[in-house]
Every structure is written in structure tokens, then in C-alpha cells.
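Protein chains in written order, with our numbering: chain A, 26 to 227; chain B, 3 to 474. Don't be surprised by glycine CBs; every beta carbon is placed ideally from N, CA and C. Predicted model, so just to flag it, every value in this text is computed and none were measured. Below is one structure; the comments refer to it alone.
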């Protein structure tokens with residue numbers, strides 16, 4: 026009887042120890058940025074991945090929706106005043122709506138679409154890093170992104186700037202023809218602006 | 003020593019007594035007005051006794067106030083595509099701007115109870131605040147060179163939040179319109195549902211179909227009025243309003259069904275009613291006292307409906323006590339929309355614009371429509387402009403007409419009226435000029451605008467310039 030009890034007790038203890046060991050042994054939750062265990066994701070990788078999603082969605086919307094339905098099939102227009110004109114939102118507006126949604130849900134990162142030649146003057150660079158970054162990606166023809174750090178409102182940020190390239194005819198045509206565009210000579214494949222992603226550093 | 007103790011007891015008792023009296027005054031509701039630190043703005047004065055509508059938490063600071071603002075105004079701002087949303091200012095790239103003007107919070111610009119510094123639209127900043135961020139506007143808009151920064155909002159050109167009314171492309175598209183259009187009809191007045199849209203299967207009812215029990219019938223006139231009303235035509239019987247819970251409580255009879263009952267069918271109308279000056283006191287969640295708040299000493303008490311006596315604009319002397327509910331304008335049983343369109347307004351409002359209506363060209367159209375001289379939809383009533391009809395589609399594409407009951411909706415700025423109303427009959431240039439002419443508004447648009455809004459000329463200049471550049 027006592028033997029049985031002992032066995033039962035040791036089994037229970039063993040099971041508990043096992044669970045405990047699994048708990049302790051599982052990797053510590055990877056700190057996202059710069060954690061000591063080096064298992065976190067670097068700021069660069071983090072913003073690279075975010076940008077990949079943003080840029081892919083943006084290209085898909087421009088080609089599969091705006092390009093196909095507005096430019097090619099001509100069944101609907103894309104317009105800044107899409108509500109009044111019952112039209113498609115512009116790719117830049119889609120991008121901004123997403124960015125505003127994100128900032129209403131998290132303060133872990135922010136992003137926007139800017140340009141040295143903006144149609145909407147609020148999309149001109151404002152901070153030194155934005156100016157540097159946009160100039161850098163334009164010089165490098167979008168081949169590599171720009172990474173930097175800056176202090177804004179007393180907080181430190183990691184700021185990455187990625188080229189926004191004229192990937193489809195509608196990008197070029199619309200921007201070259203727009204009455205508020207400071208440039209009328211954009212060409213396919215050219216850098217038209219940049220996506221700025223900011224991550225607060227702690 | 004004994005003196006000291008007595009002093010201590012006295013001071014403590016006085017303090018405790020004071021706090022208790024203040025608490026009773028505050029939580030009791032009726033004496034709350036002594037806590038008002040300054041005259042409330044005309045936007046909020048009606049609900050000033052429901053303190054916690056804005057002061058959502060006594061010790062919550064600015065965030066608690068912000069919560070109050072957003073509870074009532076959040077949806078409205080979203081619908082207006084707010085040009086300066088909070089998201090713009092929580093963005094770190096605008097940190098320097100926030101340091102100048104913390105636009106993350108409503109109260110930065112709209113401080114309540116500050117009558118000395120309150121300007122139009124309840125803005126408590128100096129009226130040239132745009133300059134804080136937009137100093138360089140003339141760089142891209144040479145036409146704006148030298149314009150004073152307190153004129154940005156003139157004629158509805160620019161607004162901090164709602165810029166749906168006017169924008170350059172809109173002016174460009176409509177700059178050449180004549181003062182009067184070819185067809186002079188209020189567009190939605192003759193609306194009928196699309197032929198392929200399924201109609202609700204309801205049988206029209208007549209006086210004999212009335213289902214009120216005999217002992218509840220009341221005056222014969224009630225049944226007669228109902229039988230001629232839209233309710234009867236749409237198959238809504240006595241029980242439809244007087245027995246709102248007929249299925250679960252067949253014996254219940256509601257003598258005077260309130261707005262909640264109206265809202266079960268007229269949902270959008272009832273909702274917008276509580277968003278405007280007429281019905282804002284009846285909005286959900288406005289309390290003068292609550293049972294749970296203070297030892298269960300007081301009852302749950304909301305705000306009674308608005309009356310002209312509380313208004314800050316001129317009202318008819320004999321209407322001061324009239325409580326504003328659905329039936330005030332719509333009269334029970336009869337539901338005469340014609341009465342609600344003009345007479346109902348006149349029975350309370352006594353300002354110049356209202357008093358001038360009967361002599362106005364718009365009213366002449368009402369008369370000519372009534373006499374059969376002009377087709378249906380020619381008349382322009384108070385409601386045509388202040389409670390316009392909207393064509394709405396639900397998520398399944400079903401079309402419906404809805405009459406906004408928020409009389410404020412197209413007055414802030416009044417240029418919002420252009421699309422919803424004026425543009426049906428008038429050209430853009432004429433309309434903007436008229437809406438910017440206070441004397442013309444006062445006499446209810448009798449005559450031609452004496453004011454001219456230049457911005458439409460600037461747009462034309464830019465169009466000409468562009469055409470010239472394109473030719474080169």
C-alpha cells in the first residue's frame with residue numbers, strides 16, 4: 026500500500042517536474058528589439074518585413090484594382106474625391122487609411138508615404154531624417170533602403186525609408202498630369218517617393 | 003489643550019459638513035448649476051446640467067474630457083473625413099507641431115465655460131490659429147499671398163475638421179453654372195424606390211381596421227386623423243405605437259408613446275434628432291442625478307426635453323413652455339408633414355430669418371406649388387434646407403429616403419447646404435455668394451447676393467493659367 030502510494034507520489038512529482046522543466050526550458054519570449062538574448066528581431070528586419078507587406082498590398086491594389094478597372098477596362102475612375110464621384114480611392118489614399126487604422130490601434134510603429142515632389146504638400150518631408158532618407162533612396166534609385174535614428178518630441182525613434190517606385194502606368198500618368206504635381210517627367214521604374222516607417226526605441 | 007481640541011473638532015466638522023453639502027448639491031442634480039465655472043457655449047448649454055457627459059471622470063484629467071467629446075462627436079468627425087484627425091498628431095513626425103498646438107485633444111481649441119474667449123464654432127483660440135502650421139501657404143497658392151489668417155474660414159473655404167463642402171476641383175467643375183438651373187425642383191422630393199427593389203408587403207388600413215380596444219379609443223378624431231395618415235397607408239395600426247410590446251405583454255397600453263417607440267421604425271430620424279439642437283437633451287446617457295452615485299439618496303433623473311424658454315435665440319413668447327418631442331412638430335395621429343415643414347418652425351422661432359420666410363421667393367414657390375401652378379417639388383420650405391432629405395443605400399444596396407432631423411448638420415459651415423440643397427436649383431457661384439451675405443440670409447434670400455466670394459475667381463485664374471501652360 027505504502028509502496029503504491031510512493032510510486033503514485035513520485036509519478037506526480039515527476040510529472041510536475043516535467044511540466045516545470047518544459048516551462049523553464051522553453052525559450053524566453055523573444056524580446057522584439059535589441060534584447061540581450063539576441064533572439065529578438067533587429068529594427069532593420071522588423072521594418073523590412075513591415076515594408077514588404079505594405080509595398081505588396083500597395084502594388085496589388087494599384088495593378089489589380091486601379092490599373093485593371095480604371096486604366097484598362099475603364100469601368101470606374103480613381104479619384105481623390107472618391108465619395109463625391111463614386112470612384113475608387115487613390116492608391117495613396119488607401120495607404121493612408123491603412124496607416125491611420127494602424128495608428129488608432131498601436132503606438133509600436135507609424136508609417137506614411139512621402140515624397141520630395143509631393144502632390145499633397147503635407148506629404149513633403151519634415152524632419153531631417155526624412156529629408157536625408159528620401160534623398161538617399163532617390164540617389165540610389167531605390168536599390169537599398171535608408172536607416173537612421175532621430176529624436177522627436179523627446180523620444181528616440183528608429184526610422185527607415187523605403188523607395189516607392191512607379192511600378193505601373195497609372196502611377197506615372199496620374200502624377201505627371203496632376204495639377205498640383207511639381208514634376209511632370211516621372212518615368213516607369215523611377216523612385217517617386219518613399220515609405221517612412223518609425224519605431225520608438227526604448 | 004482643550005481649546006485646541008475644540009478648534010480641531012470645529013474645523014473638521016465644518017469641512018466635513020461643507021463637503022457633504024457640496025456633494026448633496028452636486029449629486030442631487032437640481033442645484034448643480036452653482037458649480038458652473040462660466041457660461042457654457044451655445045453648443046452645450048442645453049446639457050450643462052448633465053456634468054458627467056463631458057466630465058466623464060472627476061479625476062481623469064484631459065483624457066476623461068476627451069472621452070466625453072468623442073462619445074458625442076466621434077462618429078460625426080469620422081463621417082466628416084476630419085482633416086485634422088488625432089492620428090495625424092500622435093504621429094511622431096508632427097511632434098514639433100503638437101508642441102505648438104496640441105491638436106491631439108479637443109479642449110486645446112475648444113475650452114468650455116470660457117465665454118470671454120469663445121469664438122464661432124466654440125473655438126477658444128485666437129481666430130488666426132491656422133498660421134501656427136500653415137504660414138507658408140502662399141508658396142503653393144500665390145493667390146493666398148497676404149491674406150489674413152483669420153479669413154481662412156470665410157465663406158466655408160477652409161475648416162479645421164469638415165472640408166467636404168468645398169474644394170478646388172468641386173469649384174472647378176461647377177464654376178460656370180448659371181444662377182438658376184433649367185429645372186427648378188428639389189431633387190429628392192419626387193423620389194420613388196427603384197422598380198426592381200422589393201417592396202415591404204403591408205396592407206393599407208382604413209378607420210374600420212383600427213385595433214385599439216374600445217375603452218382605449220379616445221376621441222373619434224384620433225382614429226379619423228390616423229386613417230388619413232402615412233401610418234395607416236403603410237399598415238401601421240393603433241397597436242403599432244400604443245402596444246410596442248404586444249407580443250410579450252398583450253395587456254399593456256402606452257398612453258403617450260415617446261421617441262423610443264418612433265425610433266423603432268424611424269431609426270435614422272430619431273438618431274439625428276438627438277444629434278441636433280432640438281433633441282440633444284434626449285440623447286442616451288445624459289443624467290442629472292443617478293441613484294448609484296451617492297448612497298442611493300437620489301433618483302435616476304435625465305434631462306427633460308428642450309423648450310424655447312431655454313433657447314438663446316429669439317423665440318415666440320407664447321411658445322416658451324412647449325416641450326420639444328417628436329409630436330411637437332408631427333402632432334400625434336395626424337403626422338402632417340406639411341405642418342412640420344413650415345408652421346411648426348414658425349410656432350417657436352421668432353428670429354428675422356424665420357419671420358421673413360413668408361415674404362421670401364422660396365415661400366412664393368410653396369404657394370404656387372400648393373395652388374397647382376407649379377409641379378410637385380417646386381416649393382422650398384424651412385425643412386427643405388434645414389432638414390434635407392438624403393438618399394441612402396444600405397449594405398445590400400436597398401435605397402431609402404431619410405430625412406435628417408439634425409438641423410445643425412448643414413449649418414457648420416452653412417456652405418454644406420450647397421450640395422444637399424441649394425445645388426438642386428442654383429449655380430455654385432450664386433450660392434456661395436448668397437450664403438456669405440448675412441443681410442440676405444436675414445431677409446430670407448429676398449433679392450440678389452450683394453457679397454462676392456473671390457475664391458471662385460482664383461480657381462478660374464488657375465484654370466486659365468494651366469490651359470496656357472499646356473498650350474506652350
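Exercise for the section: Could you confirm whether any beta carbon from chain A is found closer than 8 Å to the beta carbon of residue 89 of chain B? Expected result: It does; some Cβ of chain A falls within 8 Å.
Handout entry: Within chain B, the residues that residue 125 of chain A reaches when beta carbons sit closer than 9 Å
Key = Those are 87, 89 and 90, listed as they occur along chain B.
Practice task
Could you check if residue 204 of chain A is buried or exposed, using at least 16 other CB atoms within 10 Å of its CB as the buried criterion?
Solution key: Around the beta-carbon of residue 204 of chain A, fewer than 16 other beta-carbon atoms lie within 10 Å, marking it exposed.
Problem - Coil, strand or helix - residue 273 of chain B by DSSP - result: Here residue 273 of chain B sits in helix by DSSP.
Handout entry: Below-8 Å beta-carbon distance, residue 461 of chain B vs any chain A residue
Key = Interface annotation, residue 461 of chain B: not in contact with chain A, CB-CB separation never under 8 Å.
Problem - chain A contacts from the segment 125-159 of chain B (Cβ-Cβ distance under 7 Å) - result: Considering only beta carbons, the part of the segment 125-159 of chain B lying closer than 7 Å to chain A consists of 142, in chain order.
Handout entry: Contacts that residue 129 of chain A makes with chain B (C-beta to C-beta distance below 7 Å)
Key = At a beta-carbon threshold of 7 Å, the residues of chain B lying near residue 129 of chain A are 89, ordered along the chain.
Exercise for the section: Determine, using beta carbons only, whether residue 261 of chain B and residue 330 of chain B come nearer to each other than 8 Å. Expected result: The answer is no: Cβ separation not under 8 Å.
Problem - Alpha-carbon to alpha-carbon, residue 27 of chain B and residue 11 of chain B - result: The straight-line gap from Cα to Cα measures roughly 24 Å.
Handout entry: residue 226 of chain A (DSSP reduced to helix, strand or coil)
Key = Looking at residue 226 of chain A - three-state DSSP - the assignment turns out to be coil, as it is neither helix nor strand.
Exercise for the section: Counting only the same chain and skipping the five closest in sequence on each side, list residues whose C-beta sits under 6 Å from that of residue 46 of chain A. Expected result: Residue placement at residue 46 of chain A is flagged as unreliable, the pLDDT there being 47, under the threshold of 50; the coordinate-derived value follows with that caveat. So no residue of the chain qualifies.
Handout entry: Any chain A beta carbon closer than 8 Å to residue 101 of chain B
Key = Among the residues facing chain A, residue 101 of chain B is included, as its CB has a counterpart in that chain under 8 Å away.
Exercise for the section: Helix, strand or coil for residue 39 of chain B, going by three-state DSSP, please let me know. Expected result: Of the three classes helix, strand and coil, the one that applies to residue 39 of chain B here is coil, per DSSP.
Problem - Exposure label - residue 182 of chain A; buried when at least 16 CB within 10 Å - result: Residue 182 of chain A should be labelled buried.
Handout entry: Minimum Cβ-Cβ distance from residue 155 of chain A to chain B less than 8 Å
Key = With 8 Å as the cut-off, residue 155 of chain A counts as an interface residue toward chain B.
Problem - Residues near residue 188 of chain A in its chain [Cβ-Cβ closer than 7 Å; skip 5 each side] - result: Correct list, in chain order: 162, 167, 216 and 219.
Practice task
Pick helix, strand or coil for residue 383 of chain B, following the three-state DSSP scheme.
Solution key: Coil.
Problem - Contacts of residue 390 of chain B in chain A (Cβ-Cβ under 7 Å) - result: Result: empty, since nearest Cβ-Cβ is about 16 Å, beyond 7 Å.
Handout entry: residue 64 of chain B - containing alpha helix (DSSP H), residue span
Key = For residue 64 of chain B, the uninterrupted alpha helix (DSSP H) segment begins and ends at 63-81.
Handout entry: Nearest-angstrom beta carbon gap, residue 71 of chain A and residue 224 of chain A [assumed within contact, 8 Å]
Key = That pair is a contact at about 7 Å.
Handout entry: Rounded straight-line distance, which links the Cα of residue 64 of chain B to that of residue 333 of chain B
Key = Taking the straight line joining both Cα atoms gives about 43 Å.
Practice task
Compute every distance between the C-beta of residue 173 of chain A and the non-hydrogen atoms of the ligand MN, then say whether any falls below 7 Å.
Solution key: Looking at this structure, you won't find the ligand MN or any other ligand, since it has none at all.
Exercise for the section: Count the C-beta pairs between the segment 299-316 of chain B and the segment 403-411 of chain B that are closer than 8 Å, then say yes if the count reaches three, no if not. Expected result: In short, these stretches do not touch, since the Cβ pair count stays below three.
Exercise for the section: Just the chain B side, please: which residues come within less than 8 Å of residue 106 of chain A by C-beta, in chain order? Expected result: Residues of chain B passing the Cβ test: 169, 171 and 172.
Exercise for the section: Pick out whichever of A:68, A:73 and A:67 has its Cα sitting closest to the Cα of residue 170 of chain A. Expected result: Distances from the alpha-carbon of residue 170 of chain A to those of A:68, A:73 and A:67 put A:73 closest.
Exercise for the section: Using a Cβ cut-off of 8 Å (strictly closer), state whether residue 93 of chain B contacts chain A. Expected result: Between residue 93 of chain B and chain A, the shortest Cβ-Cβ separation is below 8 Å.
Problem - Closer than 9 Å at the beta carbon, the chain B residues around residue 223 of chain A - result: What residue 223 of chain A touches in chain B: 93, 94 and 95.
Problem - Proximity below 8 Å, CB of residue 259 of chain B to CB of residue 280 of chain B - result: No, the pair does not count as a contact, with Cβ atoms beyond the cut-off.
Exercise for the section: Please confirm if residue 468 of chain B has its CB atom under 8 Å from at least one CB of chain A. Expected result: Yes, its Cβ sits closer than 8 Å to a Cβ of chain A.
Exercise for the section: Give a yes or no on whether the C-beta atoms belonging to residue 374 of chain B and residue 188 of chain B are separated by under 8 Å. Expected result: It is not a contact, given that the beta carbons lie outside the stated cut-off.
Exercise for the section: Please go through the segment 197-226 of chain B and give each complete beta strand (DSSP E) segment of 3 or more residues, from N-terminal end onward. Expected result: DSSP runs (the beta strand (DSSP E)) wholly in the segment 197-226 of chain B: none.
Handout entry: CB contact flag (residue 191 of chain A, residue 184 of chain A, <8 Å)
Key = Residue 184 of chain A is positioned such that its CB atom lies no closer than 8 Å to that of residue 191 of chain A.
Practice task
Flag this pair as yes or no: are the beta carbons of residue 96 of chain A and residue 194 of chain A separated by less than 8 Å?
Solution key: A distance below 8 Å separates the beta carbons of residue 96 of chain A and residue 194 of chain A.
Exercise for the section: Find the residues of chain B that neighbour residue 166 of chain A, judging by a C-beta separation of less than 9 Å, and give them in chain order. Expected result: Listed along chain B is no residue with a C-beta nearer than 9 Å to that of residue 166 of chain A; the closest approach is about 25 Å.
Practice task
Return the CA-CA distance between residue 76 of chain A and residue 104 of chain B, expressed in angstroms with no decimal places.
Solution key: Rounded to the nearest angstrom, the two C-alpha atoms are 30 Å apart.
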